[in-house]
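J.: Sequential numbering of the sequence shown, starting at 1, is according to full-length UniProt numbering.
Glycine included, C-beta positions come from ideal geometry on N, C-alpha and C.
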Amino acid sequence: ALIYDRAGELAGAYDKTHLQSHDEKYLPGDDLPVFDSDFGPFGVMICADRRWPETVRTLALKGARIIFNPTFGMHDERNLCMMRTRSFESEAFIAFTHPQQALVTGPKGQVVANQVGGNITYAVCEVDLSEADAVRAAPTAHLRGRRPDIYGL
């Protein structure tokens with residue numbers, strides 16, 4: 001995915017990190033970058049990258065308040081549950097795009113927007129990225145309450 005700023009200048013790139021069997025002709029990416037923008041830090045994950053909680057968690061720990069997820073894969077009830085969970089466990093917004101679904105989930109696991117159906121589906125909504133900061137600052141914050149010292153994987 002190529003990342004362009006508002007002036008149309010190339011600002012960065014992201015390579016899908018979790019390849020599926022039909023992707024094996026490509027090389028997987030080896031980084032989960034967070035990009036700075038005038039609206040705040042954001043991350044990108046492509047298609048199946050969302051299936052691994054570590055992808056979203058890593059982007060959130062690197063400061064992303066919103067993560068963009070273009071895909072052509074699964075967009076059913078399982079995906080809705082997964083995106084809500086990924087947002088909740090990583091305290092970040094996720095904007096999921098698929099030709100037949102446009103979904104935005106928030107840092108409390110809430111659905112902000114969800115449009116399903118048709119050949120080209122989109123949703124327009126406004127998000128306040130400071131909500132991610134507020135959730136992360138709360139006494140019950142998941143990111144802050146992590147215990148990597150005991151995970152030892």
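Taking I150 as part of the beta strand (DSSP E), name the residues at either end of that continuous run.
T.: The sequence position of residue 150 within the sequence shown is 150, counting from 1. Element bounds for I150: not the beta strand (DSSP E) but the alpha helix (DSSP H), P148 to Y151.
J.: Checking 8 Å against the spacing of the C-beta atoms, do F93 and G109 come in under that value?
T.: Indexing the sequence shown from 1 puts residue 93 at position 93. Indexing the sequence shown from 1 puts residue 109 at position 109. No, the pair does not count as a contact, with Cβ atoms beyond the cut-off.
J.: Using only the alpha-carbon positions, how far apart do P99 and I120 sit?
T.: The residue you call residue 99 lines up with position 99 of the sequence shown. The residue you call residue 120 lines up with position 120 of the sequence shown. So the alpha carbons of these two residues sit roughly 5 Å apart.
J.: Taking only runs that begin and end inside the UniProt domain "CN hydrolase" (1-141), name each unbroken beta strand (DSSP E) of 3 or more residues, in chain order.
T.: The qualifying runs are 2-4, 10-13, 42-44, 66-70, 93-98, 101-105 and 111-116.
J.: What is the C-beta distance between R84 and V111, in whole angstroms, given that I count them as a contact (C-beta under 8 Å)?
T.: Residue numbering aside, residue 84 sits at position 84 when the sequence shown is read from its first letter. Residue numbering aside, residue 111 sits at position 111 when the sequence shown is read from its first letter. Yes, R84 and V111 are in contact; Cβ-Cβ is about 7 Å, under 8 Å.
J.: Where I150 and D31 are concerned, what is the direct C-alpha to C-alpha distance, given to the nearest angstrom?
T.: Reading the sequence shown from its first residue, position 150 is the one you call residue 150. Reading the sequence shown from its first residue, position 31 is the one you call residue 31. One C-alpha to the other measures close to 25 Å.
J.: 8 Å is my cut-off, CB to CB: does R146 come that close to chain B?
T.: This model lacks chain B altogether, as it is built from one protein chain only.
J.: Taking the Cβ atom as the reference point for each residue, do G12 and P33 lie within a distance shorter than 8 Å?
T.: On the sequence shown, residue 12 is found 12 positions in, with the first residue counted as 1. On the sequence shown, residue 33 is found 33 positions in, with the first residue counted as 1. Result yes, Cβ atoms of G12 and P33 sit closer than 8 Å.
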